[in-house]
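Student: The structure under discussion is supplied below as structure tokens; questions concerning it will follow.
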Amino acid sequence: MRNVAIAGVGFSKHVSKRRDVNIAELVYEAVRPVFEDTGLSPGDIDACVTGNMPGFEGINSPELWGSGQWGGLGKPALRITTGGTTGSSVAHGAFYMVASGLYDTVLTLAFEKQSDGDTTMGLNSVALADAASQFAYGVEMLPFLGALGGAIGLFVYQAASYMHKTGCTIDHFDRAAAMLRNNAVRNPYSHLKQEGVTAEDIAATRMISYPLRYGHTCPATDGACAMIFTTEDRAKAITDRPAWIKGVAACSEEPAALGLFGGGSVNLVLDDQRSCTFAANKAYKMAGISDPAAEIDMAEPYVPFAHLFFIYFERLLLCGQGEAPRLFDGGVMGIGGDLPNCPSGAVMSTNAIGASAMERIAECALQIMGKAGEHQVEKEVHHAVAHGLGGAANFNVVTVLGDRPN
Amino acid sequence: MTDLENVRELGIDIDATYSWSVGASMERFVRGLADRRLLGARCPKCSRVLVPPRKVCERCFVETDEWVEVGPGGTVVSFTVGEVELDGKAGGFKDLDVPVVTGLIKPDGADTAFVHVIGEADPREVACSMRVEAVWADEAGGALSDLRYFKPL
């Protein structure tokens with residue numbers, strides 16, 4: 001298997017409504033900087049992998065409409081959509097292509113233009129069938145499902161169960177949310193920028209469904225991300241400091257909440273996320289990492305809701321089970337901390353859904369390349385872990401990146 | 001054997017409303033229609049005039065930067081004559097009172113073509129390479145429908 005590097009990263013601006021451009025034009029805004037940054041042109045690209053949420057914009061096969069305008073004319077185009085994990089699956093698709101020797105240089109494109117879409121149809125692609133039984137009971141979930149990207153109904157049960165087990169409190173969620181909102185202010189590609197927001201400000205926001213408040217949730221975003229995956233030789237010709245993909249793994253398990261039609265859940269330990277730990281173990285092993293808590297320098301888990309900031313820090317094996325709230329209290333997870341967690345501001349601040357999981361990997365790549373600017377973590381980053389979450393909170397994708405090839 | 005007449009189903013009605021941005025290039029195209037002008041975007045590298053316009057020339061991967069007026073005359077690249085419409089029942093058709101002619105029209109001065117209605121035309125006389133001309137709505141509404149159809153010359 002060949003070594004694979006990320007040699008370039010491009011973002012469009014991320015805002016709630018880009019009414020002035022269409023999908024092809026929006027994605028181009030991420031593609032142009034990645035070509036400018038790497039000095040590559042479409043002639044250097046061997047294949048494209050794209051992804052966005054199925055059904056959100058109601059435009060099928062957007063990659064076939066847009067890939068010519070994204071530098072992919074006459075090249076293989078592969079679309080991958082795996083719900084919330086779409087972006088990480090897109091990146092893994094590109095990794096497989098280069099690692100296998102099938103293609104040398106692959107352009108990845110992940111995007112969402114939520115303002116074009118219909119909320120109910122978007123829901124239909126992620127959670128409507130899961131929630132249908134509750135409508136039948138007379139529980140009207142649609143308002144908060146719809147307002148918040150269709151997923152909170154899956155997560156409130158998980159958050160309450162995690163609090164019960166660990167002693168984590170809503171105050172922890174408030175403080176974590178405030179930290180992430182402030183990280184986002186330092187990130188030029190983030191959407192929700194609330195300069196100086198405090199935990200008290202977050203605590204004053206409306207409780208949507210216990211234990212998650214409005215301030216614990218993510219916005220709906222229009223935005224795109226592009227990356228170049230390539231071989232060791234080509235990466236070294238493009239940049240002195242590429243980010244290397246060291247390990248990849250994905251795992252699906254039992255749905256963590258709701259379940260279809262009957263409203264049941266086989267899984268009674270909703271925060272367990274064994275599929276995340278399973279994938280993390282595999283990816284760390286592939287990367288040659290035996291003690292992730294000591295060897296990982298920063299983490300970028302998929303955090304659309306505040307409680308996941310704690311759960312995934314644990315499930316990615318960066319501390320013991322139930323220890324994340326205490327470590328957060330000790331200041332470990334800030335941009336200047338020993339193990340920064342979500343320096344980008346997280347999905348909680350920016351959620352162009354199809355792009356979100358790839359942007360976790362892009363953030364790790366920027367941190368390793370030293371290109372994160374104002375939100376560059378203070379410590380040197382040799383190893384980073386990125387994570388994507390999808391399905392009925394049951395599918396986890398883990399990517400380990402490093403500053404040296406295997 | 002399972003009773004297929006009495007299976008239980010959970011029904012959900014879904015209404016969907018999309019609002020697609022037509023995009024920066026098409027905005028300008030549609031504004032041109034309100035002035036009874038067909039606008040194309042020229043690629044600075046290959047000089048092709050793209051109608052409807054695009055921000056990026058797909059062949060050259062450069063941004064189009066010049067606006068040129070094309071038409072109102074054009075040439076029929078290909079065409080079809082629609083004779084039925086859906087009757088609203090599953091898979092059913094009913095005859096149209098008046099067949100609808102649509103064509104792939106290449107406006108004069110453009111290097112691309114787009115589909116539009118060919119009006120005021122006898123379906124038996126429509127042919128490839130036929131010359132046509134734009135017919136505009138009496139009152140422009142700033143919509144794609146400001147260009148009503150193309151008629152044979």
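Protein chains in written order, with this note's numbering: chain A, 1 to 406; chain B, 1 to 153.
Glycine included, every Cβ here is placed at the ideal spot set by N, Cα and C.
Can you have a look at A/N182 and say buried or exposed, based on whether 16 or more other CB atoms are within 10 angstroms of its CB?
Tutor: Your numbering for residue 182 of chain A matches position 182 in the first sequence. That one is buried.
Student: Report all residues from its chain with a CB closer than 8 Å to the CB of A/M227; omit the five preceding and five following residues, and keep chain order.
Tutor: Residue 227 of chain A sits at position 227 when you count from the first residue of the first sequence. Within the same chain, A/M227 has close Cβ partners I6, G8, V9, G10, V34, A91, A94, L107, T108, M358, I361, A362, A365.
Student: I'd like to know if the region 205–217 of chain A and the region 170–189 of chain A are in contact, where contact means that at least 3 CB-CB pairs between them fall below 8 Å.
Tutor: The answer is yes - the region 170–189 of chain A touches the region 205–217 of chain A, with three or more Cβ pairs under 8 Å.
Student: Hey, A/L316 and A/V397: beta-carbon distance below 8 Å or not?
Tutor: Counted from its first residue, the first sequence places residue 316 of chain A at position 316. Counted from its first residue, the first sequence places residue 397 of chain A at position 397. For A/L316 and A/V397, no; Cβs fall outside 8 Å.
Student: Tell me which residues share the same chain as A/S12 and place their Cβ nearer than 7 Å to its Cβ, disregarding the 5 neighbours each side in the sequence.
Tutor: Taking the first residue of the first sequence as position 1, residue 12 of chain A is located at position 12. Counting only Cβ-Cβ distances below 7 Å, and skipping sequence neighbours, we find L26, E29, A30, G223, A224.
Student: Based on DSSP bridge pairs, tell me the residues matched to A/T166.
Tutor: Indexing the first sequence from 1 puts residue 166 of chain A at position 166. Its beta-bridge partners do not exist; DSSP assigns none.
Student: With DSSP run on the structure shown, which of helix, strand or coil describes B/T175?
Tutor: Nothing can be reported for residue 175 of chain B: it is not among the residues displayed for chain B, which extend from 1 to 153.
Student: Put B/L86 into one of helix, strand or coil per three-state DSSP.
Tutor: For the purposes of this step, residue 86 of chain B is identified with residue 86 of the second sequence, where counting begins at 1. B/L86 falls in the strand class under three-state DSSP.
Student: Relative to the alpha-carbon of B/A24, which residue among B/G40, B/D35, B/N6 has its alpha-carbon at the smallest distance?
Tutor: Taking the second sequence and counting its residues from 1, one reaches residue 24 of chain B at position 24. Looking at the Cα atoms, B/G40 is the closest of the given residues.
Student: Could you name the residues of chain A that B/T2 contacts, counting a contact when the two beta carbons are closer than 8 Å?
Tutor: As a first step, residue 2 of chain B is located in the second sequence; it is residue number 2 there, counting from the start. Going along chain A, no residue has its Cβ under 8 Å from B/T2, so there is no contact; the nearest lies around 17 Å.
Student: Given A/P42, which residues of its chain have a CB within under 6 Å of its CB, disregarding the five upstream and five downstream residues?
Tutor: If you number the first sequence from 1, residue 42 of chain A lands on position 42. Answer for A/P42: G71, listed in chain order.
Student: B/L38: beta carbon under 7 Å from a heavy atom of the ligand ADP?
Tutor: The ligand ADP is absent from the structure shown, which contains no ligand whatsoever.
Student: Taking the alpha-carbon positions, what's the B/V135 to B/V101 distance?
Tutor: For the purposes of this step, residue 135 of chain B is taken as residue 135 along the second sequence, with counting starting at 1. For the purposes of this step, residue 101 of chain B is taken as residue 101 along the second sequence, with counting starting at 1. Near 15 Å, if we compare the C-alpha coordinates of B/V101 and B/V135.
Student: Report yes if the CB atom of A/V4 is closer than 8 Å to the CB atom of A/I245, and no otherwise.
Tutor: For the purposes of this step, residue 4 of chain A is identified with residue 4 of the first sequence, where counting begins at 1. For the purposes of this step, residue 245 of chain A is identified with residue 245 of the first sequence, where counting begins at 1. In contact: A/V4 and A/I245 (Cβ atoms closer than 8 Å).
Student: Let me confirm a value: B/A127 is counted as buried when at least 16 other C-beta atoms fall within 10 Å, else exposed. Which label applies?
Tutor: Counted from its first residue, the second sequence places residue 127 of chain B at position 127. Label assigned to B/A127: exposed.
Student: Can you tell me which residues form a DSSP beta bridge with A/M1?
Tutor: Walking along the first sequence from the start, residue 1 of chain A turns up at place 1. Looking at the DSSP assignment, A/M1 forms no beta bridge with any residue, so it has no partner.
Student: Assuming A/W244 is part of the beta strand (DSSP E), what are its boundary residues?
Tutor: Counted from its first residue, the first sequence places residue 244 of chain A at position 244. 243–252 is the extent of the beta strand (DSSP E) around A/W244.
Student: Can you pull the chain A residues whose beta carbon is under 7 Å from the beta carbon of B/R59, in chain order?
Tutor: Working through the second sequence from its first residue, we reach residue 59 of chain B at position 59. Those within 7 Å of B/R59 in chain A are L73.
Student: Along chain B, which residues have their Cβ under 7 Å away from the Cβ of A/N52?
Tutor: Numbered from its first residue, the first sequence carries residue 52 of chain A at position 52. Ordered by position in chain B, no residue passes the 7 Å Cβ test against A/N52, which lies about 14 Å from the chain.
Student: What are the boundary residues of the alpha helix (DSSP H) that includes A/C225?
Tutor: As a first step, residue 225 of chain A is located in the first sequence; it is residue number 225 there, counting from the start. Premise fails: A/C225 lies in the beta strand (DSSP E), 222–231, not in any alpha helix (DSSP H).
Student: Could I get the ranges of all uninterrupted alpha helix (DSSP H) runs contained in the region 3–90 of chain A, with 4 residues as the minimum, in chain order?
Tutor: Qualifying alpha helix (DSSP H) stretches, in chain order: 23–38, 62–66.
Student: Hey, out of B/F61, B/D146, B/K151, B/E5, whose CA is closest to B/G119's CA?
Tutor: Position 119 of the second sequence holds residue 119 of chain B. The option with the nearest alpha carbon to B/G119 is B/K151.
Student: On the DSSP letters alone, give me the boundaries of the alpha helix (DSSP H) that A/P292 sits inside.
Tutor: Here residue 292 of chain A corresponds to residue number 292 of the first sequence, with the count starting at 1. It spans 292–295 - the alpha helix (DSSP H) in which A/P292 sits, taken as one unbroken run.
Student: Would you say A/P42 reaches chain B, if we count a Cβ-Cβ gap shorter than 8 Å as a contact?
Tutor: Along the first sequence, read from residue 1 onward, the residue named residue 42 of chain A stands at position 42. For A/P42, the answer is yes, since a Cβ of chain B falls inside 8 Å of its Cβ.
Student: For A/I311, collect the residues of the same chain with a Cβ closer than 8 Å to its Cβ; drop the 5 residues on either side in sequence, then sort them by chain order.
Tutor: Reading the first sequence from its first residue, position 311 is the one you call residue 311 of chain A. So the qualifying residues of the chain are Q158, Y162, D271, Q273, A324.
Student: If you count every other CB in all the chains shown that lies within 10 Å of the CB of A/D118, and 16 or more means buried, which is it?
Tutor: Residue numbering aside, residue 118 of chain A sits at position 118 when the first sequence is read from its first letter. Its Cβ being crowded by 16 or more others within 10 Å, A/D118 is buried.
Student: Label A/R2 either buried or exposed according to how many other C-beta atoms from any shown protein chain fall within 10 Å of its C-beta, with 16 as the threshold for buried.
Tutor: Here residue 2 of chain A is taken as the residue at index 2 of the first sequence, counted from 1. Burial call: exposed.
Student: Could you check the C-alpha separation between A/L401 and A/E254 for me, to the nearest Å?
Tutor: As a working mapping, residue 401 of chain A is identified with position 401 in the first sequence. As a working mapping, residue 254 of chain A is identified with position 254 in the first sequence. Roughly 28 Å between the two C-alpha positions.
Student: Report yes if the CB atom of A/H375 is closer than 8 Å to the CB atom of A/I335, and no otherwise.
Tutor: By 1-based counting over the first sequence, the position of residue 375 of chain A is 375. By 1-based counting over the first sequence, the position of residue 335 of chain A is 335. Yes, the pair counts as a contact, with Cβ atoms nearer than the cut-off.
Student: Does A/A306 get closer than 8 Å to chain B when you measure Cβ to Cβ?
Tutor: For the purposes of this step, residue 306 of chain A is identified with residue 306 of the first sequence, where counting begins at 1. No - not a single Cβ of chain B is within 8 Å of the one on A/A306.
Student: Span of the alpha helix (DSSP H) holding A/D403?
Tutor: For the purposes of this step, residue 403 of chain A is identified with residue 403 of the first sequence, where counting begins at 1. Segment: none, A/D403 is in no alpha helix (DSSP H) and carries neither H nor E.
Student: By the three-class DSSP mapping on this structure, what secondary structure does B/R48 have?
Tutor: For the purposes of this step, residue 48 of chain B is taken as residue 48 along the second sequence, with counting starting at 1. Note: B/R48 maps to coil in three-state DSSP.
Student: Anything in the region 7–24 of chain B with a Cβ closer than 8 Å to a Cβ of chain A? List those residues in chain order, please.
Tutor: The region 7–24 of chain B vs chain A, Cβ under 8 Å: L10, I12, I14, D15, A16, T17, Y18, S19, W20, S21, V22, G23, A24.
Student: If you drop the 5 nearest sequence neighbours on each side, which residues of the same chain put their C-beta closer than 8 Å to that of B/S145?
Tutor: In the second sequence, the residue the question calls residue 145 of chain B occupies position 145. The answer, listed in chain order, is A137.
Student: Give every residue of the same chain whose Cβ lies closer than 7 Å to the Cβ of B/D95, excluding the five residues on either side of it in the sequence, and list them in chain order.
Tutor: Locating residue 95 of chain B in the second sequence gives position 95, where the first residue counts as 1. Here the set comprises E83, V84.
Student: Quick one, which residues of the region 42–66 of chain B are near chain A if we go by CB-CB under 7 Å, in chain order?
Tutor: Residues passing the 7 Å Cβ filter: R54, K55, V56, E58, R59, F61.
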